[in-house]
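Reviewing the structure listed below.
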Amino acid sequence: MKVLVESVLPSRQPNGGVDLRSDTVTTPTASMRVAMALATCGDDVFADDPTVNALEKECATMFEKEAALFVPTGTMGNLISVLVHCETRASEVILGDASHIHIYEQGGISQFGGVHPRPLPNLPDGTIDLELVKQTIRPDDVHFPTTRLLVLENTHNKKGGRVLKLEYLDAAGKLCREHGLKLHVDGARIFNASAAMGVPVARLLRDADSASICFSKALGAPAGSIIVGSHEFIAKSRRTRKALGGGLRQVGTLAAAALVGLRETPALLAHDHENAQLLAAGVNTIAPDLISVDMASVESNLVYINVSPPLTAAPIMDECNKRGVRILAIGPQTLRAVCHHQVSKEGALRAVEVLKEAVEAAIRSL
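Residue numbers (UniProt numbering): 1 to 366.
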């Protein structure tokens, strides 16, 4: 088995390149592939896939929630969670205007659930002003939808991977309890937050009624997410998952890889954060008046690179891609690089060298 698996493994960085587009680009590790090949499977729609059941039990224990449910994607995990909490029509959810749910999930909560989003500004540290949240909760008036849910994102993608502090999370939980709201955390990268703070993931979700956690980002599995919450919440989530087409059959193969990621990868995340710091600091040596990183924003594995006129982001991305370093232009003046467990320290340093060459090439083309 070992010879067979290693013979089909891709190189750690395919073609000698460095792929920083996202932490979703990782390929399964050798131990994941072995676990997938040997996984015991059943029919998860009937809840009799033993590997999925083991994953759900381990996640419920790790996050200190009553139950858990395996879902195909983080987007579906967030969608299910909002739909369950806001199952009564004319419900409203308060969330950040730069949140993943609001920006990148196609308005699914409105498309499929008729849930009204009430976006509030995300501050530079990824938080939402809790006093503003309090003021935004609707009074009991026939003219208004009913505020039922607050959604937070930790770490916060669009704000550069910022980590929500414990004091803030505790205050948000207290506010929700006092006003009868549920609290959902989009914890796609909650393990990065845990590594950055040195705090167990369960503590970060102590006050959350539900959370969605991704296996295919920091943890490096090929697919899947988990949602956690109470027994009642998960029972309703299972029904909603089926309605959305998320019921899978012999999915123990994916759950096996997720279990490996859950057990092996968190210990590596501190290195990803160190590489992000290394990359960010290196960028700031290239041409600070043209390309720069706000070092205060680099708290986890994401690096947002600001590009100043007359340069723009897309040509720099193209030049980097030509040289074997793949990054993303996520706006006219912004590049994003994401470190993960298949990017080494040498890879981060190579990315700085290539960015320097790309900026020089972009300047020449003006």
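Beta carbons: idealized from backbone N, C-alpha and C, even for Gly.
Have a look at residue i and residue j and give me their C-alpha separation to the nearest angstrom.
i           : j      : result
Glu6        : Thr136 : Low per-residue confidence applies at Glu6: pLDDT is 39, beneath 50, and the placement is therefore not dependable, though the value from the model is reported in the following sentence. Near 55 Å, if we compare the C-alpha coordinates of Thr136 and Glu6.
residue 367 : Ala267 : This structure cannot settle anything about residue 367, because the visible part of the chain is limited to 1 through 366.
Val303      : Ser22  : 11 Å
Gly347      : Val18  : 6 Å
Val359      : Asp289 : 12 Å
Leu120      : Asp140 : 20 Å
Asp125      : Phe46  : 42 Å
Arg263      : Val25  : 20 Å
Ile305      : Val163 : 18 Å
Lys134      : Asp44  : 41 Å
Arg33       : Ala221 : 10 Å
Arg239      : Gly96  : 27 Å
Asp49       : Gly261 : 19 Å
Gln111      : Ile363 : 44 Å
Ala296      : Gly108 : 33 Å
Arg326      : Gln333 : 17 Å
So, for residue i: in the same chain, excluding its five sequence neighbours on each side, which residues have a beta-carbon less than 6 Å away from its beta-carbon?
i      : result
Thr147 : Glu92, Ile137 and Arg138
Leu4   : At Leu4, the pLDDT of 36 sits below 50, so the modelled position is not reliable; the number obtained from the coordinates is stated separately. Excluding residues within five positions, none has a Cβ falling inside 6 Å.
Pro10  : Low confidence applies to Pro10: its pLDDT is 40, below 50, so where it sits in the model is not reliable, and the reading given next is rough at best. So the qualifying residues of the chain are Thr27.
Ala68  : Glu56, Cys59, Ala60, Ile226 and Val228
Gln250 : Cys41
Lys158 : Ala98
Leu83  : Gly113 and Thr240
His179 : Ile137
Ala39  : Thr51, Gly252, Thr253 and Ala256
Gly160 : Ser297, Leu302 and Tyr304
Since residue i and residue j should fall inside the 8 Å C-beta cutoff, what is the C-beta to C-beta distance between them, to a whole number of angstroms?
i      : j      : result
Leu20  : Cys214 : Not a contact, Cβ separation roughly 18 Å.
Thr312 : Cys41  : Not a contact, Cβ separation roughly 49 Å.
Ala171 : Leu152 : Wrong, their Cβ atoms sit about 11 Å apart, outside the cutoff.
Val52  : Phe70  : 5 Å
Ala35  : Ala257 : 6 Å
Ala351 : Ala337 : 7 Å
Pro181 : Leu150 : The sequence given here places Leu at residue 181; Pro does not occur at that position. That belief holds up - the Cβ atoms of Leu181 and Leu150 are roughly 5 Å apart, short of 8 Å.
Leu248 : Pro310 : Rounded, the Cβ-Cβ distance is 50 Å, inconsistent with contact.
Gly246 : Pro72  : 5 Å
Within the same chain, show all residues whose beta-carbon is closer than 8 Å to that of residue i, passing over the 5 residues directly before and after it, in chain order.
i      : result
Ile190 : Asn154, Thr155, Val201, Leu204, Leu205, Ala211 and Ile213
Thr88  : Thr146 and Arg148
Met76  : Ser225, Arg241, Leu244 and Gly246
Cβ of residue i within 8 Å of Cβ of residue j?
i      : j      : result
Ala280 : Val307 : no
Ala30  : Leu259 : no
Asn192 : Leu278 : no
Arg118 : Ile94  : yes
Asn275 : Lys217 : no
Ile80  : Leu244 : yes
Ile286 : Lys236 : no
Cys176 : Leu183 : yes
Gly282 : Leu349 : yes
Glu319 : Ala255 : no
Val354 : Arg323 : yes
Leu169 : Asp129 : no
Gly74  : Ala188 : yes
Tell me, please, which residues DSSP counts as bridged to residue i.
i      : result
Ser225 : Val71 and Cys214
His116 : Glu92
Thr253 : None; Thr253 has no bridge partner.
Ala276 : Its beta-bridge partners do not exist; DSSP assigns none.
Arg326 : Asp19
Lys182 : Leu149
Val338 : Leu302
Ile128 : Asn122
His231 : Looking at the DSSP assignment, His231 forms no beta bridge with any residue, so it has no partner.
For residue i, collect the residues of the same chain with a Cβ closer than 7 Å to its Cβ; drop the 5 residues on either side in sequence, then sort them by chain order.
i      : result
Asp272 : Asn301, Cys339, His340 and His341
Asn78  : Ile101, Glu105, Asp186 and Ser212
Using a Cβ-Cβ distance cut-off of 8 Å, determine whether residue i contacts chain B.
i      : result
Arg364 : Absent from the structure: chain B. Only one protein chain is present.
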